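K.L.:
Going by my numbering, the residue at position 90 of the sequence shown is 77; the numbering climbs one at a time, nothing skipped.
C-beta atoms are modelled at their ideal positions from N, C-alpha and C, and glycine is treated no differently.
None of these values were measured; they are calculated from a predicted model.
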Amino acid sequence: MNQDPVKIDRVEWLRLFPGLSLLQAAGLGFRMRILLPAALCLLVFTARLNIAEILIDVAYSPQQLWIGFGSAAYALPEPVEAVAVGATQFLVSGVLNNPWEFVSVFWSAFVLMAFGVAMSRSAATEYCIHSRTGVFEALRFSVQHFTASLVSTGVAAGIVMLPLLFISAAAWVMESTTIGSWLVVISWPAVFVGGLLSVTVTIVCLIGWLLSLAAIGTDQCSGADALSRGINYVLSHKLWTTFYFLSVVIISGVAAQLADWLIEAGTTVVHARIDQNAVDSSTICSAWMVTIQQVPRAVHLGVFISGITIMYVLLRKTEDGVHRREIDGAVAGT
């Protein structure tokens, strides 16, 4: 038996710690083929403010609900945060009692479906097979698979609403008759479990829905299959899902802060050489500066979606044993 010591020339850290792959999302989010769809997504996303001015009174300004547009300090990118906050509003007040939240969530989910799949496609092809997918090709891919995204979103929304129906029914019974009130009081533990279940279902479906967009961009899944994969991965690997998701949130937030710092540093250098008053007085220069200052928001979203895509690939490997370099698995046999 050969007992000579074995010399290790290289340690494959990504194989030992697959979660380190999430760091690659930071690099992907700064690439123009992901940054441009992210910027377009945010541009369409902010149009919901104009809708709000038509639907609600000026005194009930959406700025009171969505403070800090353009800030990179939020844990989640703005469209994702809008969906998450809107979902929690539904849990508290219902859909009919808060029409603005319904419009906001619908609009936010729409832009994430349209542009999130495009960003995910570009991230997946580069991360998995080291191939570049251009902006127009990625957007065309998203349009071709928009029906799948719509089905995934609709099914996820339906699942979230199911526990709320039980609580709404309990509220109706409690308000209808005295006997109904007593029945609800007696069965209050079941009602409480229903409320707890609604929160859990919302969290699982939100993360599963994000993973479903990545599944569509990576494997060209149908809407139902994509959502099924996303929810299954979340439920089957709760600890890994939590760790990966929190890592993506942190990485995207740090990347946004870095982009914000670079923008501020560049602005300081320019203003040191050029009179700031001259720049501010020029409409064109002011428009350019406003546009440039939105880059950290686009970086935040681009890195986040790229991280969710890598997270999907890692969970796919853990659950189904599919190699990282395989994409379009849903149509591989056709």
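Between valine 131 and arginine 216, what straight-line distance do the alpha-carbon atoms span, to the nearest angstrom?
P.N.:
For clarity, residue 131 is glutamine in the given sequence; the question names valine instead. Cα to Cα, glutamine 131 sits roughly 20 Å from arginine 216.
K.L.:
Span of the alpha helix (DSSP H) holding phenylalanine 128?
P.N.:
Unbroken alpha helix (DSSP H) run through phenylalanine 128: 122 to 131.
K.L.:
With 16 as the cutoff for other CB atoms within 10 Å, does glutamate 251 come out buried or exposed?
P.N.:
exposed
K.L.:
Taking DSSP as the reference, what is the three-state secondary structure of leucine 325?
P.N.:
The shown model of the chain, from -12 to 321, leaves out residue 325, and the question about it has no answer.
K.L.:
What separation, rounded to the nearest whole angstrom, lies between the Cα atoms of valine 300 and leucine 198?
P.N.:
Their Cα atoms are separated by approximately 9 Å.
K.L.:
Quick one: Cα of threonine 220 to Cα of leucine 302, how far?
P.N.:
Reading off the sequence, residue 220 comes out as tyrosine, not threonine. Using only the alpha carbons, I get a separation of about 6 Å.
K.L.:
Tell me the DSSP secondary structure of serine 223 in three-state form.
P.N.:
helix
K.L.:
Nearest CA to the CA of leucine 22: which residue from Leu214, Val70, Phe89, Ser107?
P.N.:
Per the Cα distances, Ser107.
K.L.:
Under 7 Å Cβ to Cβ from alanine 60, same chain only, skipping five residues before and after it: list those, please.
P.N.:
For alanine 60, the predicted structure reports a pLDDT of 37, less than 50, and the residue's modelled location is therefore unreliable. The matter cannot be settled from this model.
K.L.:
Got a sec, what are the start and stop residues for the alpha helix (DSSP H) glutamine 11 sits in?
P.N.:
11 to 16
K.L.:
Relative to the C-alpha of methionine 148, which candidate in Lys304, Ile203, Gln76, Gly294 has its C-alpha closest?
P.N.:
Methionine 148 has its Cα closest to that of Gln76, out of Lys304, Ile203, Gln76, Gly294.
K.L.:
Find out if the Cβ-Cβ distance for the pair valine 72, cysteine 28 is shorter than 8 Å.
P.N.:
no
K.L.:
Could you tell me whether the stretch 128 to 145 touches the stretch 110 to 119, using the rule of 3 or more Cβ pairs below 8 Å?
P.N.:
no
K.L.:
Quick check: leucine 193 and alanine 69, are their CB atoms within less than 8 Å of each other?
P.N.:
In this structure, the beta-carbon distance from leucine 193 to alanine 69 does not fall below 8 Å.
K.L.:
Cα separation between isoleucine 295 and leucine 63?
P.N.:
12 Å
K.L.:
Which same chain residues end up closer than 6 Å to alanine 125 when comparing Cβ atoms and leaving out the 5 residues on each side of it in sequence?
P.N.:
Ala105, Arg108, Ser109
K.L.:
Between isoleucine 314 and alanine 213, what straight-line distance do the alpha-carbon atoms span, to the nearest angstrom?
P.N.:
14 Å
K.L.:
Can you find at least 3 beta carbon pairs, one from the stretch 228 to 242 and one from the stretch 135 to 150, that sit closer than 8 Å?
P.N.:
no
K.L.:
Beta carbon of glycine 289, beta carbon of alanine 101: below 8 Å?
P.N.:
no
K.L.:
What's the C-alpha gap between proline 283 and phenylalanine 17?
P.N.:
10 Å
K.L.:
Buried or exposed for arginine 119, going by 16 or more other Cβ atoms inside 10 Å?
P.N.:
By the neighbour-count definition (other C-beta atoms within 10 Å, threshold 16), arginine 119 is an exposed residue.
K.L.:
Give every residue of the same chain whose Cβ lies closer than 6 Å to the Cβ of serine 58, excluding the five residues on either side of it in the sequence, and list them in chain order.
P.N.:
Only weak support is given to the placement of serine 58: the predicted model assigns it a pLDDT of 39, under 50, and the question is left unresolved by the model.
K.L.:
Short check: CB of alanine 135 to CB of isoleucine 203, under 8 Å?
P.N.:
yes
K.L.:
Under the three-state reduction of DSSP, which class applies to aspartate 315: helix, strand or coil?
P.N.:
coil
K.L.:
What residues in its chain sit with their C-beta under 7 Å from that of arginine 312, if we drop five residues either side in the sequence?
P.N.:
Cys115, Ile116
K.L.:
For my contact list, valine 92 and phenylalanine 291 are in at a C-beta cut-off of 8 Å; report their separation, rounded to the angstrom.
P.N.:
About 18 Å separates the two Cβ atoms, so there is no contact after all.
K.L.:
Let me confirm a value: aspartate 307 is counted as buried when at least 16 other C-beta atoms fall within 10 Å, else exposed. Which label applies?
P.N.:
The residue is exposed, with fewer than 16 neighbouring Cβ atoms inside 10 Å.
K.L.:
Could you tell me if alanine 34 is buried or exposed, where buried requires 16 or more neighbouring beta carbons within 10 angstroms of its beta carbon?
P.N.:
exposed
K.L.:
Report the three-state DSSP secondary structure of glycine 308 (helix, strand or coil).
P.N.:
coil
K.L.:
Rounded to whole angstroms, how far is the Cβ of arginine 20 from the Cβ of valine 90, which I believe are closer than 8 Å?
P.N.:
Wrong, their Cβ atoms sit about 31 Å apart, outside the cutoff.
K.L.:
With DSSP run on the structure shown, which of helix, strand or coil describes isoleucine 43?
P.N.:
Confidence at isoleucine 43 is low in this model, with a pLDDT of 46, below 50, so the placement of that residue should be treated as unreliable; the coordinate-derived value is given next. Isoleucine 43 falls in the coil class under three-state DSSP.
K.L.:
Alpha carbon to alpha carbon, how far is aspartate 247 from glutamine 280? Give it in angstroms, no decimals.
P.N.:
8 Å
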